[in-house]
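Residues -19 to -1, 1 to 511 in mature numbering (1 follows the signal peptide of the UniProt record, and there is no 0) are what the sequence shown lists, from first letter to last. Where is the CB? At the ideal position from N, CA and C, for every residue including glycine. What follows is a set of notes on a single structure, which appears directly below.
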Amino acid sequence: MKKILFLWIAIGVTLSATAQKQSEANRKLSLSEFAISSLYVDSVDETKLVEDAIRGMLQELDPHSTYMTPEEVKELNETMQGNFEGIGIQFEMYKDTLYVIQTVPGGPSEKVGLLAGDRILTVNDTLIAGVGRSNTEIMNLIRGKKGTTVVITVLRRGQTEPMTFKIIRDQIPIHSLDAAYMATPNTGYIRLNRFGATTHQEFVEAVKKLKKQGMKNLILDLQGNGGGYLNSSIEIADELLDDKKLIVYTQGRKMPREDAIATKEGIFQKGKLVVLVEGSSASASEIVSGAIQDWDRGIIVGRRTFGKGLVQRPVPLPDGSMIRLTVSRYYTPSGRSIQRPYTDGVDQYNQDLIERYNRGELTNADSIHFPDSLKVSTLLNQRTVYGGGGIMPDYFVPLDTTRFTKYLGQVVAAGILNSYCTDYIDRNRAEIQTHYKTLDRYIESFTVSDAMVNEVIAAAEKEKITPSGAITDQEKATIRDWIKSLLARDLFNYEAYIQVSNLSSDTYQKALEIIENDELYNQLLGVQKK
């Protein structure tokens, strides 16, 4: 008993000496951690204990304040900085077989002759095929420092023996721009997947390229873009808005108001503009679309955005981990906060997109209701817009539920479509490349036959994936569209995949209709007839 009493006194003395200036709450936390590490009956992983405590504290604040391990910080930095060190392939595991889906143009793997469709057997003598390794394990094997060598053995259709490639790792770019092409003779299309360090440069180069091809109007696709750097979104908006226009402002309890103003001649300040959004367009995407909407610069088309209006500041910790702490809110030029309420807890907050679907919001604009207190007017044409829960589009495009049935979801999740298309290209590569040397010819002439659709359905049946009733014509049509898109990806590149996919996208087609019709465009923008 005396020993225990002495230990408690020692704990109190130690903490008193080191934490005199701390608050009562901080002293309580320090004492608890010290007591657990000193007295608990079993050994304790102090690192995990502290990490769990940090996560628990942050979770009580808001849904977007988070703790990141050193590994997660490294991965985030690679994604946002726009490069990592590796061999430059996109891969997919299907039935314990690792397929090369694409090689990065000009990357190390393409240079040595690795092809889409190759099946990777070993990496540096480590067996891959038939082992069932995770994506993380595979990435750890193929990534490494620039200049180091990795030896990969692959099986290629038409070759009787495995082929070995010695690949020197290099910097691999991670592009923010998925696609940039002319949708019509007058209208260009650009799709951004994130707002990273290289986004602005990629965007400017794409606009310049499209202008040379005759672009007068622009469709900017931010669907699926979950955000990124605040400054990157400001740079993009700056290219679209007139000089001295307010883009966004941020403000917090300890952070004074800070305005971001358009400061220069933008690369696309004139010309019709349509921005595509949906439920996973978030944060930086909402800054851009909110500024465009508030200044009546363009038309927002699609479905309500995510609703993330909180700004996180990175707080680096000594071991390389990091806290991303919410320090302020951002507001659109009209003063709207786009942040969804989170007072009901993180779990309820994270379920919101599912609740939108259950309420019918994704299929019917009339299911969306905002209180009058959130009503705001745009700054030029005085159109009614709303704050408090994402950006509502100016033109609502319902989700086509016939293309997202349970059966189709299972077919995609099982990797059946990807595997089928990779194998199809493997079997017919020479013939396809002879007949379809350009993407335009492929789009115009290549037809997905009924037999090809039936082969995918049969492959699904082998995996015990069947619809609850008869397969509908719409489900078959969707499979047909997906096959053509995926074959375009494997035959050309990811931009080709986007371009072919857009042909069957209701949102994309509606955007084209609006931007090519002056009367409809001006009507949606609230331009008064003279």
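- Remark: C-beta atoms of Gly368 and Ser318 approach each other more closely than 8 Å.
- In its chain, beyond the 5 residues on either side, Asp277, Leu506, Gly507 and Val508 have a beta carbon closer than 7 Å to the beta carbon of Asn362.
- In this chain, the alpha helix (DSSP H) harbouring Phe184 covers Thr180 to Lys193.
- In this structure Ala432 is exposed. Its beta-carbon is surrounded by fewer than 16 other beta-carbon atoms within 10 angstroms.
- Following the DSSP letters along the chain, one finds Ala161 inside the beta strand (DSSP E) bounded by residues Leu158 to Met163.
- Between Phe65 and Arg114, the gap from beta carbon to beta carbon reaches 8 Å or more.
- For Tyr367, there is no enclosing alpha helix (DSSP H); the residue is part of the beta strand (DSSP E) that begins and ends at Thr365 to Tyr367.
- Inter-residue distance for Asp275 and Pro51 is about 39 Å (C-alpha atoms, whole angstroms).
- With 16 or more other CB atoms across the displayed protein chains lying within 10 angstroms of its CB, Thr359 is buried.
- By alpha-carbon distance to Phe377, the top candidate from Met236, Thr103, Gln490 and Thr107 is Gln490.
- Judged by their CB atoms, Leu468 and Tyr405 are nearer to each other than the 8 Å cut-off.
- By DSSP's assignment, Val437 forms no beta bridge with any residue.
- Listed as beta-bridge partners of Tyr330 by DSSP are no residues whatsoever.
- Under the DSSP assignment, Arg114 falls outside any beta strand (DSSP E); it carries neither an H nor an E label.
- For secondary structure counted as the alpha helix (DSSP H) over 4 or more consecutive residues, the segment 27 to 83 holds these complete runs in sequence order: 27 to 40 and 51 to 62.
- Take Ser482, set aside five residues on each side of it, and the residues of its chain with a beta-carbon closer than 7 Å to its own are Ser466, in chain order.
- Here the alpha carbons of His181 and Asp407 stand approximately 37 Å from one another.
- DSSP lists Met49 and Pro297 as the bridge partner or partners of Met303.
- For Phe385, the number of other beta carbons within 10 angstroms of its own is below 16, and it is reported as exposed.
- The C-beta distance from Gly207 to Ser261 rounds to 6 Å, short enough to meet the 8 Å contact threshold.
- For the pair Leu211 and Ala265, the CB atoms are nearer than the 8 Å cut-off.
- The closest CA to that of Ile242, considering only Asp224, Tyr338, Phe427 and Ile413, is found on Asp224.
- Under the three-state reduction of DSSP, Gln320 is assigned to coil, being neither helix nor strand.
- For Lys9, the three-state secondary structure derived from DSSP is helix.
- Judged by DSSP in its simplified three-state form, Tyr312 adopts strand.
- Rounded to the nearest angstrom, the Cβ distance from Val327 to Gln40 is 6 Å, consistent with a contact under 8 Å.
- Of the candidates Gly37, Gly67, Ser18 and Tyr48, the residue whose Cα lies closest to the Cα of Gly301 is Tyr48.
- Out of Leu173, Leu257 and Gly390, the CA that lies nearest to the CA of Asp487 is found in Leu257.
- One Cα belongs to Ile495, the other to Arg321, and the distance between them is close to 29 Å.
- Taking a 10 Å sphere around the C-beta of Ser90, we find 16 or more other C-beta atoms and assign the residue as buried.
- Here DSSP, grouped into helix, strand and coil, assigns Asn339 to helix.
- Secondary structure note for Arg422: its alpha helix (DSSP H) is the uninterrupted segment Leu420 to Ser426.
- Less than 8 Å divides the Cβ of Gln83 from the Cβ of Tyr475.
- According to the DSSP assignment, Ile281 belongs to the beta strand (DSSP E) that extends over Ile280 to Gly283.
- Taking 8 Å as the cut-off, the beta carbon of Gly290 is found no closer than this to the beta carbon of Gln204.
- Under the three-state reduction of DSSP output, Glu239 falls in the strand class.
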